[in-house]
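Colleague: Per my numbering, residue 839 is the first one in the sequence shown, and the count goes up by one each step.
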Amino acid sequence: MLSLWTRIDAAVVSVKAVSGKLGHDWAGASYTPLDVDLPSWFGPTASRVGQTPMQKTDFRNVSDPELGLLHAQRLAWLEKVEGAVVALPGEYPDGYRVPEHRHSRAQLLHARTGVVKITTAEGRWMVPPDHAMWIPSGIDHSVEMLGAVDMHSVYVIPGAIAGLPDRLRVVGLTDLAASLILEAMALPQEARQSGRAALVMGLLLHEIPNLPQRPLGLPFPAEPRLAALCRRFIEHPSPHATIDGWAASIGVSRRSFTRLFLRETGLSLSTWRQQACLFAALPRLAEGEPVTSVAIDLGYDSVPAFTTMFRRMLGKAPRDYFKGARQ
């Protein structure tokens, strides 16, 4: 594994390379790691539409029309602001839904508290604590808050560095990435023109391609019969749904159904079913509901059976998973 200083060194090199594309003349400049005066090509970590710095936006105690206006302002500012990487925090009330929208930058969306559900034409994704959602540029998406959400978003211009994901995905946050996101949000306005700020944002940018993908997406089939089955399952999830039962319900063979479902979703029915059950369970567990009641409501025969599925999908038992979420 590369050392931290090696990764910082690489980040500085990429900062210089990308900044050249943005009009900064660093060609041939000499530097040493951690001792470099980097031009501020990242932009402020948060600012208002126009030239005034935007502060953290609190969406919790405003009316729906005001919420819509605030979001329109943020989106307009985001399209105008300079810099390859921009960080924006915001606080949202339980149940609030950000209408479908898109932006020209890719977004790394991290809910520090609460759970976020993101919906696109490709499917749905769940983002619990200690995770983030990577949304490539130009993707129409809506965002729903499950619980009060303290959101930290990092916006990146396309092609800022090589290796940035080109597909929607939920990722686990490394300790380094989580710390860098917090630091990016907390940078004082007067420090945002500094070399230190550039190093923080550059290293964060380099962490994004290395974040581990997590099975928290729920691809949705376009085929009408499968779409109807999946919608019914989401409304009433159960671990006992079978290939034979679903195949019979749409009048095809088991083999044909298996091929059709895999082609439409990219997943086997078993994996899709488990991820749908996680979708139903995560918001309730995040709110502190007992594991036993969640497991029973989802149709599991026992808590150990539910815990086994949860650990297989996310690497930890439910109690350990939420106990370890960063405060």
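For glycine and all other residues, C-beta sits at the position ideal for the given N, C-alpha and C.
Note that this is a predicted model, so its numbers are computed, not measured.
Which whole runs of the alpha helix (DSSP H) in the segment 1115-1158 are 4 residues long or more, in chain order?
Modeller: 1129-1135 and 1141-1152
Colleague: For VAL1009 and MET971, what's the separation of their Cα atoms in angstroms?
Modeller: Between VAL1009 and MET971, the C-alpha separation is close to 6 Å.
Colleague: Quick one: grab the DSSP three-state call for VAL929.
Modeller: Checking the sequence, you will find Glu at residue 929 rather than Val. If DSSP states are grouped into helix, strand and coil, GLU929 belongs with the strands.
Colleague: From this set, GLU938, PRO937, VAL936 and HIS969, which residue's C-alpha is nearest GLY952's C-alpha?
Modeller: Across the set GLU938, PRO937, VAL936 and HIS969, the C-alpha of HIS969 shows the shortest separation from the C-alpha of GLY952.
Colleague: Are HIS979 and ILE1019 close, meaning C-beta to C-beta below 7 Å?
Modeller: HIS979 places its beta carbon 7 Å or farther from that of ILE1019.
Colleague: Work out the CA separation of LYS918 and PRO1075 for me, nearest whole Å.
Modeller: 43 Å
Colleague: Rounding to the nearest angstrom, what Cα-Cα distance links PRO1156 and ARG1052 in this structure?
Modeller: 15 Å
Colleague: Give the secondary structure of ASP978 by DSSP, where H, G and I count as helix, E and B as strand, and everything else as coil.
Modeller: coil
Colleague: Would you kindly work out how many angstroms separate the C-alpha atoms of THR1146 and ALA910, rounded to a whole number?
Modeller: So the alpha carbons of these two residues sit roughly 43 Å apart.
Colleague: Helix, strand or coil for SER1076, going by three-state DSSP, please let me know.
Modeller: coil
Colleague: Since VAL923 and ALA949 are thought to touch, with beta carbons under 8 Å apart, how far apart are those beta carbons, to the nearest angstrom?
Modeller: About 19 Å separates the two Cβ atoms, so there is no contact after all.
Colleague: Exposed or buried, GLY1126, counting other C-beta atoms within 10 Å across all chains shown (16 or more means buried)?
Modeller: exposed
Colleague: At the level of alpha carbons, what is the spacing between ALA1065 and PRO1128?
Modeller: 31 Å
Colleague: Taking the Cβ atom as the reference point for each residue, do PRO927 and MET1039 lie within a distance shorter than 7 Å?
Modeller: no
Colleague: For the segment 904-970, list the alpha helix (DSSP H) runs that are entirely contained and at least 4 residues long, ordered along the chain.
Modeller: none
Colleague: Give the DSSP-derived three-state secondary structure of LEU872 in the structure shown.
Modeller: Because LEU872 carries a pLDDT of 29, less than 50, the predicted location of this residue cannot be relied on, and no value is offered for it.
Colleague: Identify whether ASP1013 lies in helix, strand or coil by the three-state DSSP scheme.
Modeller: helix
Colleague: Based on Cα-Cα distance, which residue from MET964, TYR1159, ARG1101 and ALA1079 lies nearest to LEU1136?
Modeller: ALA1079
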